[in-house]
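Trainee:
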Amino acid sequence: MRNESISLLKKLVETPGPSGHEAVIQSVVREYMAPYCDTISTDVHGNLIGAIKPDATPRVMLSAHCDEVGLMVTHIDERGFAYCSAIGGVDPCVAAGQRVLVHTADGPVTGVVGRLPVHLMEKEAMDKAPRLHELWLDIGAATRDDAATRIEIGNPVTFDVGFKQLSDGLAVGRALDDRGGIFVMLESLRLLDRKNLNTSIFAVSTVQEEIGHRGAITSTFGIAPDIGIAVDVGPATDYPTADPRKIGDFRIGAGPVLHTGPNIHAGLGHLLMKTASSRNIHYQLRAEPRGTPTDANAIQLSRAGVATALVRIPCRYLHTPVEMLSLNDLENAANLLAAFIEQLNSDTLKPGEAKS
Ligand SMILES: [Zn+2]
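All letters in the sequence shown, in the order written, are residues 1319 to 1674 by my numbering.
(1) To the nearest angstrom, how far is it from the Cα of K1673 to the Cα of G1585?
(2) Would G1498 and V1551 qualify as a contact pair, given that the criterion is a beta-carbon distance under 8 Å?
(3) Provide the residue span of the beta strand (DSSP E) that contains E1386, from first to last.
(4) Across the segment 1502 to 1513 and the segment 1653 to 1662, are there enough close Cβ pairs to call them in contact, namely three or more that are closer than 8 Å?
(5) What is the DSSP secondary structure of A1672, reduced to helix, strand or coil?
(6) For A1548 and G1609, I'd like the C-alpha separation in whole angstroms.
(7) Suppose you measure from the CA of S1537 to the CA of G1530; what does that come to, to the nearest Å?
(8) Identify which residue in R1320, D1511, L1494 has its Cα closest to the Cα of E1676.
(9) Entirely within the segment 1411 to 1475 and at least 4 residues each: give me those alpha helix (DSSP H) ranges in chain order.
(10) Counting only beta-carbon separations shorter than 8 Å, does L1389 have a partner in chain B?
(11) Could you tell me the boundaries of the beta strand (DSSP E) in which D1550 lies?
(12) In the DSSP assignment, what residue or residues form a beta bridge with Y1635?
(13) Would the C-beta of H1383 count as close to ligand 1, meaning under 7 Å from any of its heavy atoms?
(14) Under the rule that 16 or more other beta-carbon atoms within 10 Å means buried, what is H1383, buried or exposed?
(15) Assuming L1662 contacts V1347 (C-beta within less than 8 Å), just tell me the rounded distance between them.
(16) Confirm the yes/no value for this check: CB of E1527, any heavy atom of ligand 2, distance under 7 Å.
(17) Skipping 5 residues on each side, what residues in its chain have a beta carbon closer than 8 Å to that of F1539?
(18) Out of curiosity, what's the CA-to-CA distance linking A1560 and P1632?
(19) Please report the residue range of the beta strand (DSSP E) in which G1368 lies.
(20) Measure the Cβ-Cβ separation of A1423 and I1545 and say whether it is below 8 Å.
(21) Report yes if the C-beta of L1551 is less than 7 Å from at least one heavy atom of ligand 1; otherwise report no.
Printed below as a string of structure tokens:
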């Protein structure tokens, strides 16, 4: 991968943006997206929308979500310890023992998620997973009043973990869900730069996906696309205790994951697979017999329905501070997305055309 692309991914991963608090990450995405777009705007909900040839038809929407899971301060006790609710699906087991950043109006405040040490733990407690209200946030405050000079009820919290590369082209960090998808979307815009497209493109960095695809719901309604393509990460099943018998065999480094099932427009799904094959991009196929838990679901159900496709990057340890994926998969997903978009035109959705 190009050094500039690695730097972009690192910057995206290291910028915090828990659901509902995406302004900072959106400013980073805007900076990288703007050079490739004719117009760029932010809607009332905070979705960032970069458009290329906005008046052309068919209208093609790309979406990747910029928000990430996290915690939110809900209570501060008299000794200055704070308690949190989860923003999205956070496993309390992985929150315990983490260093965190509490995002306040005056900037980030460092804290830790405390838990009783093994020395003081009852034997039964050792075998039990903690629940979130049994963990506390310690910012080193002495009292509630002292804590209140630094943090407030409602402040969002993220794990204080940066981006690292491992050997063999793998990377780890928090928020690769879905900064990996944002990265793929931005890289595909770079690859399409100055290409003669037969469609308009609306590249949307959506907000609030982790709490119910809320940004995709409103942005899709506003854009009214004919075709929608969501880019997200998805669970790999190539590590201990992840059972391929449940959803299939998905490996990091084995290529982007494409989907088949009711959430995916059959013609677009077929065209994606055909495009991958013609470019020698290896892909993995996931069968999903219901709506996918991604922006693709919200996009498809917008207005009178949108022809929808989905590209996912296999990822280990989703929603933990050590999400892991392959840089090759990201690169292949971006190449596939760009090649796919380049072929779209007014005939794509005509019955029979996309399948030919
Ligand atoms: Zn996601």
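Where a beta carbon is used, it is the ideal one built from N, C-alpha and C, also for glycine. If you're wondering where the values come from, they're calculated on a predicted model, not measured in any experiment.
Mentor: With the structure as the only source:
(1) With a pLDDT of 44 at K1673, under the threshold of 50, the predicted position of this residue should be treated as unreliable, and no value is reported.
(2) yes
(3) Looking at the DSSP string, E1386 is not in any beta strand (DSSP E), and its letter there is neither H nor E.
(4) yes
(5) Low per-residue confidence applies at A1672: pLDDT is 48, beneath 50, and the placement is therefore not dependable enough to give any value.
(6) 13 Å
(7) 14 Å
(8) Residue 1676 lies beyond the stretch modelled for the chain, which goes from 1319 to 1674, so this question has no answer here.
(9) 1441 to 1444, 1462 to 1466
(10) Absent from the structure: chain B. Only one protein chain is present.
(11) 1545 to 1553
(12) For Y1635, which the question treats as bridged, DSSP gives no partner whatsoever.
(13) yes
(14) buried
(15) Contact flag wrong, Cβ pair sits at about 23 Å.
(16) For ligand 2, the structure offers nothing, since it holds only ligand 1.
(17) S1620, R1621
(18) 13 Å
(19) 1366 to 1370
(20) no
(21) Inspection of the sequence shows that residue 1551 is occupied by Val rather than by Leu. Answer for V1551: yes, Cβ within range of ligand 1.
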